[in-house]
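Each residue of the sequence shown is one higher than the last, beginning at 4 in my numbering. Scroll down for the structure; my scribbles are underneath it.
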Amino acid sequence: MTRSLPAWSELDDRAVAYARALAMDAVQKVGNGHPGTAMSLAPVAYSLFQRHLVHDPSDPQWLGRDRFILSCGHSSMTLYTQLFFSGYGVELSDLQEFRTWGALTPGHPEYGHTAGVETTTGPLGAGVANAVGMAMAARYEKGLLDPDAALGQSIFDHRIWVICSDGDLQEGVSAEASSLAGTQQLGLLNMIYDDNRISIEGDTHAAFTEDVSGRYRAYGWEVLEVSTLPDGNVDRANLEKAIIQANSQMLKPTLIRLKTVIAWPAPTAKGTSKSHGSALGEKEIAETKKVLGLNPEEHFAMPEEVLQHVRQVKVRGAAGRVQWNESFAQWERTNPDRAQLLARLRDRSLPQGWQESIPEFPAGKDVSTRKASGDVIMKISEILPEFWGGSADLAESNNTTIEGGGSFLPASSEMVNANPYGRIVHFGIREHAMGSILNGITLHGLTRTFAGTFLVFSDYMRPSARLASLMKLGVTFVWSHDSIGLGEDGPTHQPVEHIAALRAIPGLAVIRPADANEVAIAWREILLRDLPSAILLSRQNLPVFDRTIASSAEGVAKGAYILKEASSKPSAILIATGSEVSLAMSAQEILEAEGVPTRVVSAPCLEWFAEQSPDYRETVIPASVPTRVSIEAGIAMGWRDLVGDKGSSISIEHFGASASASVLFKEFGFTAQAIVSEVKRLLS
Ligand SMILES: Cc1ncc(C[n+]2csc(CCOP(=O)(O)OP(=O)(O)O)c2C)c(N)n1
Ligand SMILES: [Mg+2]
Numbered sequence: 004m005t006r007s008l009p010a011w012s013e014l015d016d017r018a019v020a021y022a023r024a025l026a027m028d029a030v031q032k033v034g035n036g037h038p039g040t041a042m043s044l045a046p047v048a049y050s051l052f053q054r055h056l057v058h059d060p061s062d063p064q065w066l067g068r069d070r071f072i073l074s075c076g077h078s079s080m081t082l083y084t085q086l087f088f089s090g091y092g093v094e095l096s097d098l099q100e101f102r103t104w105g106a107l108t109p110g111h112p113e114y115g116h117t118a119g120v121e122t123t124t125g126p127l128g129a130g131v132a133n134a135v136g137m138a139m140a141a142r143y144e145k146g147l148l149d150p151d152a153a154l155g156q157s158i159f160d161h162r163i164w165v166i167c168s169d170g171d172l173q174e175g176v177s178a179e180a181s182s183l184a185g186t187q188q189l190g191l192l193n194m195i196y197d198d199n200r201i202s203i204e205g206d207t208h209a210a211f212t213e214d215v216s217g218r219y220r221a222y223g224w225e226v227l228e229v230s231t232l233p234d235g236n237v238d239r240a241n242l243e244k245a246i247i248q249a250n251s252q253m254l255k256p257t258l259i260r261l262k263t264v265i266a267w268p269a270p271t272a273k274g275t276s277k278s279h280g281s282a283l284g285e286k287e288i289a290e291t292k293k294v295l296g297l298n299p300e301e302h303f304a305m306p307e308e309v310l311q312h313v314r315q316v317k318v319r320g321a322a323g324r325v326q327w328n329e330s331f332a333q334w335e336r337t338n339p340d341r342a343q344l345l346a347r348l349r350d351r352s353l354p355q356g357w358q359e360s361i362p363e364f365p366a367g368k369d370v371s372t373r374k375a376s377g378d379v380i381m382k383i384s385e386i387l388p389e390f391w392g393g394s395a396d397l398a399e400s401n402n403t404t405i406e407g408g409g410s411f412l413p414a415s416s417e418m419v420n421a422n423p424y425g426r427i428v429h430f431g432i433r434e435h436a437m438g439s440i441l442n443g444i445t446l447h448g449l450t451r452t453f454a455g456t457f458l459v460f461s462d463y464m465r466p467s468a469r470l471a472s473l474m475k476l477g478v479t480f481v482w483s484h485d486s487i488g489l490g491e492d493g494p495t496h497q498p499v500e501h502i503a504a505l506r507a508i509p510g511l512a513v514i515r516p517a518d519a520n521e522v523a524i525a526w527r528e529i530l531l532r533d534l535p536s537a538i539l540l541s542r543q544n545l546p547v548f549d550r551t552i553a554s555s556a557e558g559v560a561k562g563a564y565i566l567k568e569a570s571s572k573p574s575a576i577l578i579a580t581g582s583e584v585s586l587a588m589s590a591q592e593i594l595e596a597e598g599v600p601t602r603v604v605s606a607p608c609l610e611w612f613a614e615q616s617p618d619y620r621e622t623v624i625p626a627s628v629p630t631r632v633s634i635e636a637g638i639a640m641g642w643r644d645l646v647g648d649k650g651s652s653i654s655i656e657h658f659g660a661s662a663s664a665s666v667l668f669k670e671f672g673f674t675a676q677a678i679v680s681e682v683k684r685l686l687s
């Protein structure tokens, strides 16, 4: 959408001056925070929110809105002030409560907490990768809803705007994501880089001297450069020209490299790293207000006429909205099936009967859980068009391919199977960005996505998994090669501490299915719950349990369940996950033959189990049976909770080695006989 820009008025100048003052006042009041960048970026964010972004503050969820991401989340006052100006529900009183308990204005912007915040930012770099994910999602969603519309002509086309800082561009995740954005020719992605040459330790040239513009051009971005005015202020006129140019670019992402002076125009603080993260002090604030033409005696000032002026953005938003609504209604009339799909996607509900697509695996033939997962993904993809994803160059190993789904690549790509709306994403070997892109795709709102790599490299994705969990996003991490069971690749590739480390992330469901049918139910639950999930899969083949002898895999939904009951009141309980469950089943046979009634519990997801009623948990692991042994090919950390003081854990507390899986399991004590011995030791 293009609009004619109103002339920049004296009221706009005053509003920007008040925005700078609010940044100083808010940080001064609470005594901590980041005033400098919020001061210098005030005209930039003002220009975007007041003049360029397509948005309707009365409906922060509007599908047609441009997205705005403040990747340098420490400068949160940059965003809060614009949300206040635009009328998103943040009021002056909220700015006065900046960074305090329960405030709408926490230290860093938090998704789901403050209307208008599109993603949680603070860990530098992540917001840039989120934005790349959003731009990818915008294209994929358009493919579902309006595939024939020309680029930029659909009601579902909109811009993704990012403001980022030196730190954002120093972090590797932004480089990974920006490189992919170039390959993907994400023309709707626009990023303003606040090139202030300052970070906490001072001049960024202590650590950052590369040619950022050259780097982004090499990625395939359009790069526009804007210097400061001679007095150090933002060159707003040239910035706006660059914004307009970026908004007309369809074929590549645009980076506007904007020179600024941090904390401008504070007389002594400007241009210093001290202004990055400390209150300026009453005296400096008063002097700065004088330079800005404001009353130095006033704090949190916001004259009525200025507020009325900035709130006009609501009127403009509503007017643009009316137009969009008309086009939308027309689209609905001409696309009734797609309109129905959209209604379902907005709701994040699933089509009737979808669960019938979840396959059942016959017993008798051994299957790796990664292979089973690949089969389930294929089945789900047949019924859920919103389901798409990929891998960090390991699709064949992770079994994350949607066969026939086409490779998500720009229209101009000459790659085989390229399709701008393809369902298979080739993330390249960029795990960290892949995780953050997944978050961005999910934040964008309409689709469901997954991405795979080896479990050992979940370390490279951990920051994204943590943010997904913090934001409660329904993303799925597919991590295969889940233990020493991967064999010959050796200790660099064998996860040992990872399962425990992932369980430590609050709100992340870590699911390690024991066989193919547990995989199927796990995927069903992942889709039903629509929350952050990690599915951990074996490389090696595993038996598919005969469910006429063992109990139903439906138990997976409860996190842990009695897979095979003891012959009489159990003397011992074996609790295992993943590939170790079949060992527990073998150990049970031996123990039962030797007269020790033994129960086997499969515990694919401790988080789901923890959610169950105390009664259910007591039924599965009763207090009256203290002889409990956990078996998991990872460190024992965390298992004490379930095995108790009288139980024990068969675990691996050191790195693995390079040999076949069968040798490693034997050498490291993961055998049925070792489990039997441990139970007997406990019983004696
Ligand atoms: C991944 C990550 N590492 C470290 C930090 C802590 N941190 C917050 S701001 C900052 C320096 C930021 O410099 P810059 O990005 O240039 O922002 P400016 O000072 O210009 O606002 C650091 C190191 C962080 N937020 N995220
Ligand atoms: Mg900086």
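Don't be surprised by glycine CBs; every beta carbon is placed ideally from N, CA and C.
Test: residue i CB closer than 8 angstroms to a CB of chain E
i, result
"Ser-89", "In summary, chain E is missing from the structure at hand, where a single protein chain is found."
Cβ-heavy atom distance, residue i to ligand 4, below 7 angstroms
i, result
"Ser-633", "With respect to small molecules bound, the structure shown includes ligand 1 and ligand 2 and not ligand 4."
Proximity below 8 angstroms, CB of residue i to CB of residue j
i, j, result
"Ala-675", "Ala-590", "yes"
"Ala-660", "Leu-667", "yes"
"Ser-688", "Thr-40", "As shown, the chain starts at 4 and ends at 687. That puts residue 688 outside it, with no answer to give."
"Glu-491", "Ser-687", "no"
"Asp-369", "Val-547", "yes"
"Leu-645", "Ile-578", "yes"
"Tyr-3", "Met-474", "Coverage of the chain is limited to positions 4 through 687, which leaves residue 3 absent and any answer about it impossible."
"His-55", "Ile-246", "yes"
"Ala-375", "Ala-519", "yes"
"Ala-132", "Gly-443", "yes"
"Ile-361", "Arg-527", "yes"
"Gly-110", "Ser-78", "no"
"Phe-303", "Leu-95", "yes"
"Leu-470", "Leu-446", "no"
"Met-139", "Leu-189", "yes"
"Gly-284", "Ile-158", "no"
"Thr-456", "Glu-434", "yes"
Beta-carbon contacts of residue i that lie in its chain and below 6 angstroms, excluding the five residues immediately before and after
i, result
"Pro-516", "Thr-372, Val-522, Ala-525 and Pro-607"
"Leu-127", "Gly-170, Asp-171 and Glu-174"
"Asn-422", "Gly-409"
"Phe-430", "Gly-393, Ala-395 and Met-437"
"Phe-671", "Ile-655"
8 angstroms contact criterion, which residue i and residue j should meet: CB distance rounded
i, j, result
"Asn-199", "Ala-249", "Actually they do not touch by this definition, with Cβ atoms about 20 angstroms apart."
"Thr-124", "Gly-170", "About 11 angstroms separates the two Cβ atoms, so there is no contact after all."
"Gly-136", "Ser-439", "7 angstroms"
"Tyr-219", "Ser-251", "About 18 angstroms separates the two Cβ atoms, so there is no contact after all."
"Val-632", "Ser-654", "That pair is no contact at about 10 angstroms."
"Ala-468", "Ser-461", "7 angstroms"
"Val-481", "Ile-432", "Their Cβ separation, rounded to whole angstroms, is 16 angstroms, which puts Val-481 and Ile-432 out of contact at 8 angstroms."
"Val-428", "Trp-391", "7 angstroms"
"Phe-673", "Leu-586", "6 angstroms"
"Leu-348", "Leu-258", "About 31 angstroms; that fails the 8 angstroms criterion."
Own chain residues within Cβ distance below 7 angstroms of residue i, not counting five before or after
i, result
"Ala-503", "Gly-637, Ile-638, Met-640 and Gly-641"
"Tyr-91", "Pro-60, Pro-63, Ala-118 and Gly-119"
"Asp-238", "Val-229, Ser-230, Thr-231 and Leu-232"
Contacts around residue i, its chain only, beta-carbon distance under 8 angstroms, and the 5 residues preceding and following it disregarded
i, result
"Leu-295", "Ala-20, Arg-23, Ala-24 and Pro-268"
"Val-599", "Ser-574, Ala-575, Val-682, Lys-683 and Leu-686"
Can you give, in chain order, each stretch of the alpha helix (DSSP H) that sits fully within the segment 247–313 and has at least 4 residues?
277–280 and 285–294
Across the segment 94–101 and the segment 14–33, are there enough close Cβ pairs to call them in contact, namely three or more that are closer than 8 angstroms?
yes
Every unbroken beta strand (DSSP E) within the segment 307–346, with a cutoff of 3 residues, ordered by chain
none
Of all the beta strand (DSSP E) runs that stay within the bounds of the segment 531–594, which reach a length of 3 or more residues?
536–539, 564–567 and 575–579
Is the segment 536–543 in contact with the segment 481–496, if contact means three or more CB pairs nearer than 8 angstroms?
yes
Examine the Cβ distances between the segment 567–582 and the segment 590–602 and report whether three or more of them are shorter than 8 angstroms.
yes
Contiguous alpha helix (DSSP H) assignments of at least 4 residues, all confined to the segment 599–677
609–614, 617–623, 643–646 and 664–670
Could you say if the segment 335–342 and the segment 44–58 meet the contact criterion of at least three C-beta pairs nearer than 8 angstroms?
no
Does the segment 555–568 touch the segment 613–626, meaning 3 or more C-beta pairs lie closer than 8 angstroms?
yes
With a cut-off of 8 angstroms, do at least 3 Cβ pairs link the segment 159–167 to the segment 408–418?
no
Extract the residue ranges of the alpha helix (DSSP H) inside the segment 77–144, only unbroken runs of 4 or more that lie entirely within it.
79–89 and 95–99
Where are the alpha helix (DSSP H) runs, 4 residues long or more, that stay fully inside the segment 183–250, in chain order?
215–222
Could you pull out every unbroken beta strand (DSSP E) segment of at least 3 residues lying fully inside the segment 397–472, listed in chain order?
427–429 and 451–457
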